[in-house]
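Quick note, the sequence shown lines up with residues -24 to -1, 1 to 127 if you use mature numbering (1 follows the signal peptide of the UniProt record, and there is no 0).
Ideal Cβ positions, reconstructed from N, Cα and C, are used throughout, including at glycine.
Quantities reported herein were computed from a predicted structural model and do not represent experimental measurements.
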Amino acid sequence: MKKLVTLALVGLAASSLVISSAVVQETAIAQQPSIRSVNPNVALDGNWRLQWRVSGINHQARLSMNGNYGRMIVNARMPNGRVINAEQRMTLTPTRDGFILRGSRPTYPGTNRRVPNYNPDTFRIQPVGRNQLRVTNCSSGVCVPVNMRRI
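Here it is in structure tokens:
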């Protein structure tokens, strides 16, 4: 009888371990965060040259990306010849049909002084075909095409 009780307790303990490990695994899966990261097939890592024109103002920029984050320095040539230089921190986030590359708080390059009258840039990036991107700047409310090439 004593052996039967011991055997029953061992069996109960073993089944409890199996059940508890199954519960732990399910809990771990349920608690795992869902991280939406940039599509690895659209690698923006590295340095890029961007050019676009909005309301008669030519913009040229150099973008440096590392993963979902980077920085961009923009030179905007006004119709009167004056040049505005602005540096922005950039964040790349996935969307349903591509990505949004969003700048924040334009400052004079190398300083923390905000550039007046220059709004952060927002770009839409859509993969088209293999190794091709359709890029538009949508900062002004109207999206304009952007020439973007790796340097």
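Spatial neighbours of residue i within its chain, please: C-beta separation below 6 angstroms, excluding the five flanking residues on both sides.
{"i": "valine 118", "result": "none"}
{"i": "isoleucine 49", "result": "Arg38, Glu63, Pro85"}
{"i": "arginine 12", "result": "Any reading at arginine 12 needs caution, since the residue's pLDDT is 46, under 50, leaving its predicted position unreliable; the model's value is listed next. Closer than 6 angstroms at Cβ, skipping near neighbours: Pro70."}
{"i": "serine 40", "result": "Asn23, Gly46, Arg47"}
{"i": "isoleucine 127", "result": "Asn23, Arg25"}
{"i": "asparagine 123", "result": "Gln27"}
{"i": "arginine 110", "result": "Gln102, Val104"}
Just checking my contact of residue i with residue j at CB under 8 angstroms: how many whole Å lie between their CB atoms?
{"i": "threonine 83", "j": "valine 91", "result": "6 angstroms"}
{"i": "tryptophan 24", "j": "arginine 100", "result": "Incorrect: roughly 15 angstroms between the Cβ atoms, too far for contact."}
{"i": "arginine 89", "j": "glycine 79", "result": "About 16 angstroms separates the two Cβ atoms, so there is no contact after all."}
{"i": "asparagine 51", "j": "aspartate 21", "result": "Not quite, the Cβ-Cβ distance comes to about 23 angstroms (not below 8 angstroms), so this is no contact."}
Of the residues the options, which one's Cα is nearest the Cα of residue i?
{"i": "proline 103", "options": "Thr71, Asn23, Gly43, Ser31", "result": "Thr71"}
{"i": "leucine 26", "options": "Gly32, Ile33, Ala37", "result": "Ala37"}
{"i": "leucine 77", "options": "Tyr45, His35, Ile127, Asn23", "result": "Tyr45"}
{"i": "asparagine 105", "options": "Met54, Gly74, Gly57", "result": "First, the amino acid is wrong: residue 105 is glycine here, not asparagine. Comparing Cα-Cα distances from glycine 105 to each of Met54, Gly74, Gly57, the minimum goes to Gly74."}
{"i": "residue 142", "options": "Arg53, Gly43, Leu20, Met66", "result": "Nothing can be reported for residue 142, as the shown portion of the chain is limited to -24 through 127."}
If you follow the beta strand (DSSP E) that residue i is part of, which residue opens it and which one closes it?
{"i": "asparagine 123", "result": "123 to 126"}
{"i": "methionine 41", "result": "33 to 42"}
{"i": "glycine 22", "result": "22 to 30"}
{"i": "glutamine 108", "result": "Premise fails: glutamine 108 is in no beta strand (DSSP E) and is neither H nor E."}
{"i": "glycine 74", "result": "74 to 83"}
{"i": "glycine 46", "result": "45 to 53"}
{"i": "proline 70", "result": "59 to 71"}
Can you name, in chain order, every residue of its own chain whose Cβ lies under 7 angstroms from the Cβ of residue i, other than the five neighbours on each side?
{"i": "valine 120", "result": "Trp28, Arg29, Val30, Thr112, Asn113"}
{"i": "asparagine 95", "result": "Ser115"}
{"i": "glutamine 108", "result": "none"}
{"i": "glycine 32", "result": "Pro55"}
Can you list, in chain order, the residues of its chain with a C-beta nearer than 8 angstroms to that of residue i? Leave out the 5 residues immediately preceding and following it.
{"i": "valine 59", "result": "Asn51, Ala52, Arg53"}
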